[in-house]
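*Asks:* Take 1 as the starting number for the sequence shown in our numbering and just add one per residue.
Below you'll find the structure I mean.
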Amino acid sequence: MPTLKLFFRLQVFVVFSIAFFATILIPCLIEAHSLFIQSGRYQVKEGKGSPLFFCYGHRVPVDDAVRREKLAYVKVIDPEGISENIKLRDEKSLHSYLVTYKKPGTYTLVAETIPGYFAMYMDKKGRKRHSLKPMKKFIDDAKNIITSMRSSQWTKTYVTSGSPSESLPARANLPFELVPARDLSALKKGDSVAFTVFNNGQPYKGIGYRDATYAGFSTESEDMYFPRTEVTNGEFVLPIAESGRWFVRFFTKTDAPEEKRSDYLTEKRTTTLTFEVRNERKRPKNDSH
Numbered sequence: 001m002p003t004l005k006l007f008f009r010l011q012v013f014v015v016f017s018i019a020f021f022a023t024i025l026i027p028c029l030i031e032a033h034s035l036f037i038q039s040g041r042y043q044v045k046e047g048k049g050s051p052l053f054f055c056y057g058h059r060v061p062v063d064d065a066v067r068r069e070k071l072a073y074v075k076v077i078d079p080e081g082i083s084e085n086i087k088l089r090d091e092k093s094l095h096s097y098l099v100t101y102k103k104p105g106t107y108t109l110v111a112e113t114i115p116g117y118f119a120m121y122m123d124k125k126g127r128k129r130h131s132l133k134p135m136k137k138f139i140d141d142a143k144n145i146i147t148s149m150r151s152s153q154w155t156k157t158y159v160t161s162g163s164p165s166e167s168l169p170a171r172a173n174l175p176f177e178l179v180p181a182r183d184l185s186a187l188k189k190g191d192s193v194a195f196t197v198f199n200n201g202q203p204y205k206g207i208g209y210r211d212a213t214y215a216g217f218s219t220e221s222e223d224m225y226f227p228r229t230e231v232t233n234g235e236f237v238l239p240i241a242e243s244g245r246w247f248v249r250f251f252t253k254t255d256a257p258e259e260k261r262s263d264y265l266t267e268k269r270t271t272t273l274t275f276e277v278r279n280e281r282k283r284p285k286n287d288s289h
């Protein structure tokens, strides 16, 4: 009998330990893949083409492939504000598409994800479960909910054809958007750039989190040059410490609206931006390739 009691107590301890450590590890476990749209070149000659493609994951400049079903749309907005939808292939890939920059000025590349769900819960037998479905799909099997989140993402970048537009088309009117205060194509190492976050067309005034890095800083997952920092009122300044390809991310987590709490408990909204800070040539040009 003592042995059975000890075994039972050990089982209870293990179950509660799993639940406890799951709550501690949630920030690591539910770091959903982030989406970054990129261009092969950020400055092109007028009339020339360059492919756009994506980083999806936790390592920059490229990590994982993207499923077609994850992308709501990919658009190219020309310097006159005319938007063209890219016809997406039905595949899991980096979704690279050639864009021809026919007009002079600043183009904007944008994309949005289909909102996704992520949940962790303990089932009625004390086992930890994961789900990619709305909460109402598994609630009958759940003893308690550890986390239940709906995630939406928007991403953009700018490409200069010939010379930049006289007036930077800083805003692309995305539902959630990082907006720079200056032309990013003119940035040099040692400069800084201010960002304002827009939420549904208005400057965001709540609490969020920003981080940023540049390609080559680290090969490790989520190892950012500027680590995650809380931001109030949706405004921050980013010092440009190095030349190269930069990635900036801002996200918020808020309680789900009352009418959506059967689907999820937390709403996560993420916006990302990439840009290139050029450097002077470091080696003489060769006469030929």
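Where a beta carbon is used, it is the ideal one built from N, C-alpha and C, also for glycine.
If you're wondering where the values come from, they're calculated on a predicted model, not measured in any experiment.
Could you give the distance in angstroms between the alpha-carbon of Thr254 and the alpha-carbon of Asp287?
*Replies:* 57 Å
*Asks:* Mind reading off the beta-carbon distance from Leu35 to Thr113? Whole number of angstroms is fine, and I expect it under 8 Å.
*Replies:* With a Cβ gap of about 6 Å, Leu35 and Thr113 count as contacting.
*Asks:* Under 8 Å by Cβ, that's how I've got Leu94 and Val62 pegged, so tell me the actual separation to the nearest angstrom.
*Replies:* 7 Å
*Asks:* Within 10 angstroms of its Cβ, does Gly81 collect 16 or more other Cβ (buried), or is it exposed?
*Replies:* exposed
*Asks:* If you drop the 5 nearest sequence neighbours on each side, which residues of the same chain put their C-beta closer than 8 Å to that of Arg89?
*Replies:* Excluding residues within five positions, the ones whose Cβ falls inside 8 Å are Arg68 and His95.
*Asks:* Beta carbon of Pro51, beta carbon of Thr106: below 9 Å?
*Replies:* Contact flag unset, no.
*Asks:* Per DSSP, what are the beta-bridge partners of Gly234 in this structure?
*Replies:* Beta-bridge pairing links Gly234 to no other residue.
*Asks:* With 16 other CB atoms within 10 Å as the buried threshold, where does Glu230 fall?
*Replies:* exposed
*Asks:* For Glu280, count neighbouring Cβ atoms within 10 angstroms of its own Cβ and tell me buried if that reaches 16, exposed if not.
*Replies:* exposed
*Asks:* To the nearest whole angstrom, what separates the beta carbons of Ala215 and Tyr225, a pair I think is in contact under 8 Å?
*Replies:* In fact, because the Cβ distance is near 10 Å, the residues do not count as touching under 8 Å.
*Asks:* Check the DSSP bridge columns for Ser161 and list the partner residues they point to.
*Replies:* Val44 and Gly105
*Asks:* Have a look at Asp140, Asn144 and Tyr117 and flag the residue whose alpha-carbon is nearest the alpha-carbon of Gly126.
*Replies:* Asn144
*Asks:* Specify, as a first and last residue, the run of the beta strand (DSSP E) that Ile77 falls within.
*Replies:* Leu71 to Ile77
*Asks:* Where Tyr209 and Phe250 are concerned, what is the direct C-alpha to C-alpha distance, given to the nearest angstrom?
*Replies:* 5 Å
*Asks:* Based on the DSSP secondary-structure assignment, which residues constitute the bridge partners of Thr155?
*Replies:* Thr272
*Asks:* Three or more beta-carbon pairs under 8 Å between the segment 128-141 and the segment 187-199, yes or no?
*Replies:* no
*Asks:* Would you mind listing the beta strand (DSSP E) stretches within the segment 157-210 that are 3+ residues and don't spill past its ends, in chain order?
*Replies:* DSSP runs (the beta strand (DSSP E)) wholly in the segment 157-210: 176-180 and 192-199.
*Asks:* For the beta strand (DSSP E) containing Phe217, list its first residue and its last residue.
*Replies:* Note, Phe217: premise wrong, no beta strand (DSSP E); not H, not E.
*Asks:* Between the beta-carbon of Thr219 and the beta-carbon of Gln38, is there less than 9 Å?
*Replies:* no
*Asks:* Measure how close the beta-carbons of Val99 and Gly49 come, nearest whole angstrom, since I'm counting them as under 8 Å.
*Replies:* Going by Cβ atoms, the distance from Val99 to Gly49 rounds to 6 Å, so yes, they are a contact pair.
*Asks:* According to DSSP, simplified to helix, strand and coil, what is Glu242?
*Replies:* coil
*Asks:* What residues in its chain sit with their C-beta under 7 Å from that of Gly190, if we drop five residues either side in the sequence?
*Replies:* Ile240
*Asks:* At the level of alpha carbons, what is the spacing between Arg245 and Tyr264?
*Replies:* Those two C-alpha atoms are separated by around 35 Å.
*Asks:* When we look at the beta-carbon of Thr232 and count the other beta-carbons within 10 Å, is it buried (16 or more) or exposed?
*Replies:* Taking every protein chain shown into account, the CB of Thr232 has fewer than 16 other CB atoms within 10 angstroms, so this residue is exposed.
*Asks:* Quick one: give me the first and last residue of the beta strand (DSSP E) that Lys128 is part of.
*Replies:* Lys128 to Ser131
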